[in-house]
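A.B. asks: For the sequence shown, numbering that gives the first Met the number 0 begins at 0 and goes up steadily by one. Yeah, the Cβ is synthetic: ideal placement off N, Cα and C, and Gly gets one too. Take a look at this one; I'll ask things after.
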Amino acid sequence: MGEGLTHEGLGLDGLRPARLRLAGLRGWGRAGLLALTERPVDLFLFVPIFLSIGIGLWFALLTEPGAVFYGLVAGAVVALTLLVRFGPWLARPFVVALACMGVGGLACGARVWVVASPMLEAPYYGPIQGRIIDIDRSQSDAIRLTLDQVVLSEVAPGQTPATVRVAL
């Protein structure tokens, strides 16, 4: 079935024969790739999927990446964008998918950076001042207080967390 497949039977009649020869795939794989490159609007429907794959890959990292990682990913996204414009015609769907994955990872990293707040590196034992905003119980049934407008005597104001949870 794959050997007798022609582009005429797939509604790809407007394709130039040179473009058909460029595809190294056979049968349905070649036809699908050619159809996707001829109708980029169909590829647009997959953009959210590839963005979410990039976000998922970011969460799969073992440690939070630094500025070098984000710089490399941003450079790769720019290079892939140029490759979409000036690169091989049949590589465009794959390049768009990779670029979307990179943008998803960058978006996730940007969001984490925007909402980040200072955290204490180790347990703090000392005087704490603040306003009580929540009272609840922990799993061990101990009372917990959540404070905001926190002042810690041994911690610089720039390193003080926005909220602190105290177990009594």
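So who's on the other strand from A166, going by DSSP bridges?
C.D. replies: Taking the sequence shown and counting its residues from 1, the one referred to as residue 166 is at position 167. Answer is R143, bridged to A166.
A.B. asks: Assuming contact is defined by CB atoms lying nearer than 8 Å, are V76 and G101 in contact in what I supplied?
C.D. replies: Within the sequence shown, the letter at position 77 stands for residue 76. Within the sequence shown, the letter at position 102 stands for residue 101. For V76 and G101, yes; Cβs fall inside 8 Å.
A.B. asks: Throw me the rounded Cβ distance for the G103 and S51 pair, which I believe falls under 8 Å.
C.D. replies: Taking the first residue of the sequence shown as position 1, residue 103 is located at position 104. Taking the first residue of the sequence shown as position 1, residue 51 is located at position 52. Right, the Cβ-Cβ distance comes to about 6 Å (below 8 Å), so this counts as a contact.
A.B. asks: From the DSSP output, read off the bridge partner residues of I150.
C.D. replies: If you number the sequence shown from 1, residue 150 lands on position 151. Looking at the sequence shown, residue 150 is not Ile but Val. Per DSSP, Q128.
A.B. asks: Taking 8 Å as the cut-off, decide whether the C-beta atoms of F43 and C99 are in contact.
C.D. replies: Counted from its first residue, the sequence shown places residue 43 at position 44. Counted from its first residue, the sequence shown places residue 99 at position 100. No, Cβ-Cβ distance for F43 and C99 is not below 8 Å.
A.B. asks: So, do the region 103–119 and the region 135–143 have three or more beta carbon pairs nearer to each other than 8 Å?
C.D. replies: Result no; under three Cβ-Cβ pairs closer than 8 Å.
A.B. asks: Please name the residue, chosen from R38, Q158, D133 and D147, that lies closest to E120 on a Cα-to-Cα basis.
C.D. replies: Within the sequence shown, numbered from 1, the residue matching residue 120 stands at position 121. Closest option to E120, Cα to Cα, is Q158.
A.B. asks: To the nearest angstrom, how far is it from the Cα of L60 to the Cα of I54?
C.D. replies: Within the sequence shown, numbered from 1, the residue matching residue 60 stands at position 61. Within the sequence shown, numbered from 1, the residue matching residue 54 stands at position 55. If you take the alpha carbons of L60 and I54, they lie about 10 Å apart.
A.B. asks: Based on the DSSP output, what are the partners of R136 in its beta bridges?
C.D. replies: Walking along the sequence shown from the start, residue 136 turns up at place 137. In the DSSP output, where bridge partners are listed per residue, R136 has I142.
A.B. asks: Compute the beta-carbon to beta-carbon distance between V168 and G129, rounded to the nearest angstrom, for a pair I have assumed lies under 8 Å.
C.D. replies: Because the chain spans 0 through 167 in this model, residue 168 falls outside it and cannot be assessed.
A.B. asks: Have a look at V72, S152, G74 and R91 and flag the residue whose alpha-carbon is nearest the alpha-carbon of Y124.
C.D. replies: Your numbering for residue 124 matches position 125 in the sequence shown. The option with the nearest alpha carbon to Y124 is S152.
A.B. asks: Please report the straight-line C-alpha distance between E63 and A155, rounded to a whole angstrom.
C.D. replies: As a position in the sequence shown, residue 63 is number 64, starting the count at 1. As a position in the sequence shown, residue 155 is number 156, starting the count at 1. Going from the Cα of E63 to the Cα of A155 covers about 24 Å.
A.B. asks: If you measure between the beta carbons of P160 and P122, is that distance less than 8 Å?
C.D. replies: As a position in the sequence shown, residue 160 is number 161, starting the count at 1. As a position in the sequence shown, residue 122 is number 123, starting the count at 1. No. Outside cutoff.
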